[in-house]
Amino acid sequence: MKALRLADSNASPRLIETTVPAPQPGPGQVLVRISATAITPTELDWYPTTHTSSGQPRTGAIPCHEFSGTVAALGEGTHDFTLDQAVFGMNDWFAAGALAEYCLTEASSIAPAPLTLTPIQAATIPISALTAWQGLFEHGHLHPGDRVLIHGGAGAVGIFAVQIAHLHGAHVIATASAHNFDLVRRLGADEVIDYHTTRFEDAISQPVDIVFDTVGGDALLRSFPLLKPGRFAVTISSDKESSQDPRIQHAFFIVKPHQRQLMEIAALIDTSKLVTFVDAAVPFSQAAEIYSNSSSHRSGHGKVVVTIAPAS
Numbered sequence: 006m007k008a009l010r011l012a013d014s015n016a017s018p019r020l021i022e023t024t025v026p027a028p029q030p031g032p033g034q035v036l037v038r039i040s041a042t043a044i045t046p047t048e049l050d051w052y053p054t055t056h057t058s059s060g061q062p063r064t065g066a067i068p069c070h071e072f073s074g075t076v077a078a079l080g081e082g083t084h085d086f087t088l089d090q091a092v093f094g095m096n097d098w099f100a101a102g103a104l105a106e107y108c109l110t111e112a113s114s115i116a117p118a119p120l121t122l123t124p125i126q127a128a129t130i131p132i133s134a135l136t137a138w139q140g141l142f143e144h145g146h147l148h149p150g151d152r153v154l155i156h157g158g159a160g161a162v163g164i165f166a167v168q169i170a171h172l173h174g175a176h177v178i179a180t181a182s183a184h185n186f187d188l189v190r191r192l193g194a195d196e197v198i199d200y201h202t203t204r205f206e207d208a209i210s211q212p213v214d215i216v217f218d219t220v221g222g223d224a225l226l227r228s229f230p231l232l233k234p235g236r237f238a239v240t241i242s243s244d245k246e247s248s249q250d251p252r253i254q255h256a257f258f259i260v261k262p263h264q265r266q267l268m269e270i271a272a273l274i275d276t277s278k279l280v281t282f283v284d285a286a287v288p289f290s291q292a293a294e295i296y297s298n299s300s301s302h303r304s305g306h307g308k309v310v311v312t313i314a315p316a317s
């Protein structure tokens, strides 16, 4: 199969096209024939890309850990799927990614693809939607009626966090650029604050139950005084910031694959309660260039998606 793999860290380009044997599924695994995979531009420099799960340096990693495709082969015990079934999902960060014709994944990491989306659209869902879901429910302990502050409401994760919090009956406050106000409001935000011109802490009159930080910088530290005692600040941007107030619960987390959550997300999509956005779709031949200069391919909201031609 053809694949793009990470070259030596000093090499240019960072990714090289290679031909490697297609993996074979073991017990509990599924081989997915990739239709599309979404780009995470910073992934090439992440620890799991350059190291094994045991901490050993590695080269040749295949990036892109969220994908859509069809089932090509089934390992023992994978009774929930059938050959040629349309699926979507994400791989563990230490596993091989999907910038290839095939991707080997755990059956528990994928789910039936939403019926109302194209493969390109479906590929944009897993990482961002699961991050929003896990941040709000597992780490933020969201309840109906909660006041939720979401930093980066128009970003890849923020778009889903705003929608999911709104659907769950929260009062949603989001920070965003002024040109994204209409979008964030349409997604369900009750209040939107322009972080370029306004200090968000000056614009929020009542304490909040959850802070969901997707942007980093000093936003998290400045948010701590806004939290109700005993409630939760959640961040995906850094694990270094901390609050000195013992009443504040603060969590840094990294999204994990989760089949049941993917199924719930797909159900929301298929009932028109959750939407996604595709910024651009490019062929496999342009994927290495995207990682070199991702900003040149971005024109709007959502993710850049790589389409994979059917294997010959």
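Take any residue in the sequence shown, count from 1 to its spot, add 5: that is its number in our numbering.
Backbone N, C-alpha and C fix where the C-beta goes; we use that ideal spot for every residue, glycine too.
Distance between beta carbons of residue j and residue i, contact taken as under 8 Å
i, j, result
"T24", "E71", "So it is not a contact: roughly 23 Å between Cβ atoms."
"V124", "G102", "Sequence inspection shows Pro at residue 124; the Val mentioned does not correspond to that position. That pair is no contact at about 16 Å."
"S210", "A128", "Contact flag wrong, Cβ pair sits at about 40 Å."
"A116", "L267", "4 Å"
"L11", "G60", "About 17 Å separates the two Cβ atoms, so there is no contact after all."
"D218", "T240", "4 Å"
"D97", "P262", "6 Å"
"F99", "S40", "The pair is not a contact, with the Cβ atoms about 24 Å apart (cut-off 8 Å)."
Residues bridged to residue i [DSSP beta-bridge criterion]
i, result
"T110", "V35"
"H176", "R152"
"A116", "F93"
"D199", "A181"
"A41", "S73 and T312"
"A295", "The question names Ala, but residue 295 in the sequence shown is Ile. DSSP lists no partner for I295."
"I21", "R10"
"A105", "A8"
Cβ-based neighbour list, residue i, same chain, cut-off 7 Å, excluding 5 preceding and 5 following
i, result
"L232", "P212, V213, V216, A238 and I253"
"A77", "L36, V37, R38 and Y107"
"T121", "I274 and D275"
"E48", "T54 and P68"
"I270", "I130, A134, W138 and L279"
"F186", "V197"
"H146", "F237"
"T13", "This sequence places Asp at residue 13; Thr is not what is there. Answer for D13: T64, listed in chain order."
"L109", "P28, P30, Q34, L36 and A101"
"Q291", "none"
"Q2", "Outside the modelled stretch of the chain, which goes from 6 to 317, sits residue 2, for which no answer is possible."
"P62", "T55 and H56"
"E143", "none"
Own chain residues within Cβ distance below 6 Å of residue i, not counting five before or after
i, result
"D199", "A183"
"L273", "L279"
"A314", "none"
"A208", "I198"
"F165", "S133, A134 and A137"
"S317", "Because S317 sits at a pLDDT of 49, beneath the cut-off of 50, its placement in the model cannot be relied upon, and the following sentence gives the value as read from the coordinates. So no residue of the chain qualifies."
"H306", "F282"
"R152", "H176, V213 and D214"
Own chain residues within Cβ distance below 8 Å of residue i, not counting five before or after
i, result
"T83", "P30, G33, Q34, V35 and A112"
"A293", "L9, P18, R19, L20, I21 and E22"
"P26", "M6"
"I2", "This structure cannot settle anything about residue 2, because the visible part of the chain is limited to 6 through 317."
"V167", "I155, G158, V177, A179, V189, L192, G193 and A194"
"E81", "G31, P32 and G33"
"S300", "A caution first: S300 carries a pLDDT of 49, below 50, which makes its placement in the model unreliable, though a value can still be read off. Hits under 8 Å: none found."
"Q264", "G94, A112, S113, S114, I115 and A116"
"V92", "V35, V37, S73, G74, T75, V76, F86, I115, A116, P117 and A118"
"P4", "The structure shown has nothing for residue 4, since the chain only spans 6 to 317."
Closer than 7 Å: residue i CB and nearest the ligand SAH heavy atom
i, result
"I178", "The ligand SAH is absent from the structure shown, which contains no ligands of any kind."
Practice task
Identify every run of the beta strand (DSSP E) within the stretch 204 to 288, keeping only runs that are complete inside it and at least 3 residues long; order them along the chain.
Solution key: The qualifying runs are 213 to 218, 232 to 240, 254 to 257 and 283 to 288.
Practice task
Would you list, in sequence order, the uninterrupted beta strand (DSSP E) runs of no fewer than 3 residues that lie entirely inside the stretch 54 to 81?
Solution key: As far as the stretch 54 to 81 is concerned, its whole beta strand (DSSP E) runs of at least 3 residues are 71 to 79.
Problem - At least three beta-carbon pairs within less than 8 Å, the stretch 181 to 189 to the stretch 155 to 168 - result: Touching, yes.
Exercise for the section: Could you tell me whether the stretch 128 to 144 touches the stretch 256 to 266, using the rule of 3 or more Cβ pairs below 8 Å? Expected result: Three or more Cβ pairs drawn from the stretch 128 to 144 and the stretch 256 to 266 lie within less than 8 Å of each other, which places the two stretches in contact.
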